[in-house]
Amino acid sequence: MKKTVSGAYLALIFLFLYIPIGVMIALSFNDASTGITNWKGFTLEHYLTLFENDALVEALLNSVVIAVLSALGASLLGTMAALGINNVKKGRGLLMNLSNLPIINPEIVTGVSLMLIFVLVFNVELGFFTVLLSHIVFNTPYVILNVLPRLRRMDRNLYEAAMDLGCPPVGAFLRVVLPEIFPGIFAGFLISLTYSFDDFIISYFTGGNFQTLSVFINNSMKKGIKPWMAAMTGVIFVAVLVILIIMNIHDAKEDAKQKQKI
Amino acid sequence: MKSKKPLIPYLVWMAAFVVIPLGMVFYFAFTDGNGHLTLENFRYIGVNSQVYLDSFKVAFLSTLICLVLAYPLALIMSRMSPRAQRMMNILIMLPMWMNFILRICSLDLIFRPTGILNQLLSLLGLGGNAIYQTPTAVVIGIVYNYLPFMVLPIYTVMAKISRSLIEAGQDLGCNGFQLLKKVIFPLSLPGVISGITMVFVPAASSFVISARLGGFNLIGDTIEAYYKGEIDMHAGGMLSFVLMLVIVISIAVMNHFDKDDDIVLV
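Protein chains in written order, with our numbering: chain S, 10 to 271; chain A, 50 to 315.
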């Protein structure tokens, strides 16, 4: 009885979460040029012509490049910050609050504030670099939050021992510390990748004429929802599914390793 | 390893890209066109009081619905086998990582008068629905977008609750409901608080969703208009300042209920 109720509940929630995606993917096969929601027959045309749309391909590439570079930047900066924060005793709470600010702050305020500093203080034109920097700003806290627990769990003596055995500090860091915290960095990297790719609000304010995929779709949507948007949904669905499965396998391996240690 | 040096570039970075930019927003909030200090801009709060009210109403309602939907889901998930839990995790995260604008697109196609929902309803002979361009559509849109952000933190905390605590409760004669009330709920509170924060903040400051599905403006849309339309950085700064203030106060009040200072994020 209890099992049936919880099963039914899960089914309802997942229907709610997946019906809109399902509808979009179904419509991506709809052979209709206008009136996208009226079923006119099956076609693959929207997928086949998807990448002939130069502006779309450019926006997609922009998003991918920004996602990869900002995730790398955030991983580097976040790891350094976590190493520093881990050694702070006094004022640690304040430091954590400061570093979580970009997560807690409404995105629109973050976007607006960055736009102001780029335009009025740094006096640069909004574009690729301003979007990249802004994405690093909101991604870094996620790396810090994933790396810090790993550092806390680590045995400090290991690092000292490596140095006592004649390892230079950099070598000790690369050989002892980095392998311990790497899963945290990797998790932070993947989260950054997806949040960057998904972002609309911050790219919208800091991009000027530089369009990421979200900004491009939003601008195109003003002229109506087009079949290629449905096809794009299908493509992203498959890509995200693949990434999630890779992450899942990675997590499962991690768990197995943890169990072995115990 | 004891060095605090790696912190220096990070602090410089935070100053340049977080603290000073926010400072600028606030600077404009409290100055006039000539750069003189003024409280004059507070009048924009009055002008937009209805928009604020609408925003917080919509945000409150959406957050409440997310919580009510997410809590049982997280509870059910946390009791599954590890394999099933991993599967569920993927299923919850997948919609969250679909493009935000495309998610709104799909709801638009469902709700619009010629959309799927109306086509289905008329097939069943139920006539047309009138969700499109109403606050209801906006609330559904926000719940749809942010539900995973409520589920995941609650689930993460619940999955860590030790079995032995639950068994101890059962041994001491707790029934299912008492167990939930006295053991599980108090222990899941940090997750609940993180979830509420992660839904309420974007919900209160959302834009696009309201304009697209509701046809009306929430505070996010109004702020956007002050920076992207007829530019008035003083008005925009003041509205941003008050939005942040309300959110920071709400978070501080909520954290008051939670002794643990670690936030649970996904």
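The beta carbon of each residue, even a glycine, is placed where N, CA and C say it ideally should be.
Query	Result
Contacting residues, own chain, Cβ-Cβ under 7 Å from A108 (chain A) (five flanking each side not counted)	F249, A252 and A253
Cβ contact (3+ pairs, closer than 8 Å) linking the stretch 147 to 163 of chain S and the stretch 236 to 249 of chain S	no
Integer Cβ distance of G216 (chain S) from L135 (chain S), believed to fall under 8 Å	6 Å
For F219 (chain S), three-class secondary structure by DSSP	coil
CB contact below 8 Å: I300 (chain A) versus chain S	yes
Closer than 8 Å to chain A by CB, S201 (chain S)	no
For N106 (chain S), the first and last residue of its enclosing alpha helix (DSSP H)	R101 to I113
Min CB distance S211 (chain A) to chain B below 8 Å	Within the model displayed, chain B is absent; protein chains S and A are what it includes.
Test: P5 (chain S) CB closer than 8 Å to a CB of chain A	Residue 5 (chain S) lies beyond the residue range present for chain S, which begins at 10 and ends at 271; the question has no answer from this structure.
E116 (chain S) classed as buried or exposed, judged by whether at least 16 other C-beta atoms fall within 10 angstroms	buried
Local conformation of T80 (chain A) per DSSP, three classes	strand
Pair within 8 Å by beta-carbon distance, A123 (chain A) and I203 (chain A)	yes
Closest by C-alpha distance to G302 (chain A), when choosing among A:I280, A:I245 and A:D281	Checking the displayed sequence, the identity of residue 302 (chain A) turns out to be Val instead of Gly. V302 (chain A) has its Cα closest to that of A:I245, out of A:I280, A:I245 and A:D281.
Buried/exposed call for E61 (chain S), threshold 16 Cβ in 10 Å	exposed
Environment of L267 (chain A) [buried if 16+ CB atoms lie within 10 Å]	buried
Under 9 Å by beta carbon: chain S residues contacting S289 (chain A)	P115, I117, V118, V121 and S122
Same chain, Cβ closer than 6 Å to S104 (chain A), five either side skipped, listed in chain order	A253, L267 and I268
C-beta neighbour in chain S for M303 (chain A), strict 8 Å	no
Residue from S:D264, S:V186, S:A265 and S:S229 with nearest C-alpha to M163 (chain S)	S:V186
Partners in chain A for P188 (chain S), counting only beta-carbon separations shorter than 7 Å	Correct list: empty, because the minimum Cβ distance to chain A is about 15 Å.
Counterpart residues of N7 (chain S) in DSSP-defined beta bridges	Since the first residue shown for chain S is 10 and the last is 271, residue 7 (chain S) is missing from the structure and cannot be characterised.
Burial state of T13 (chain S) (16 or more Cβ within 10 Å)	exposed
Distance between L110 (chain A) and V315 (chain A) (C-alpha atoms, nearest Å)	Reliability of the predicted coordinates at V315 (chain A) is poor, the pLDDT of 47 falling under 50, and no value is obtained from them.
Ordered list of alpha helix (DSSP H) runs contained in the stretch 214 to 268 of chain S, each at least 4 residues	222 to 230
Boundaries of the alpha helix (DSSP H) in which N167 (chain A) is found, first to last residue	I165 to L172
Under 8 Å from the C-beta of P251 (chain A): neighbouring residues of chain S	P115 and E116
Buried or exposed by the 16-neighbour rule on C-beta atoms within 10 Å, applied to F131 (chain S)	exposed
Where N47 (chain S) falls: helix, strand or coil (DSSP)	coil
Minimum Cβ-Cβ distance from P29 (chain S) to chain A less than 8 Å	yes
Residues near I300 (chain A) by beta carbon distance below 6 Å, same chain, minus five either side	T246
is_contact[A265 (chain S), chain A] using C-beta, thresh 8 Å	no
Uninterrupted beta strand (DSSP E) stretches inside the stretch 148 to 209 of chain S (no shorter than 3 residues)	none
Test: A90 (chain S) CB closer than 8 Å to a CB of chain A	yes
CA-to-CA distance, V73 (chain S) to I252 (chain S), given in whole angstroms	14 Å
Within-8 Å CB hit, A261 (chain S) to chain A	yes
Nearest candidate by alpha-carbon position, reference M256 (chain S), set A:A217, A:T163, A:M142 and A:I298	A:M142
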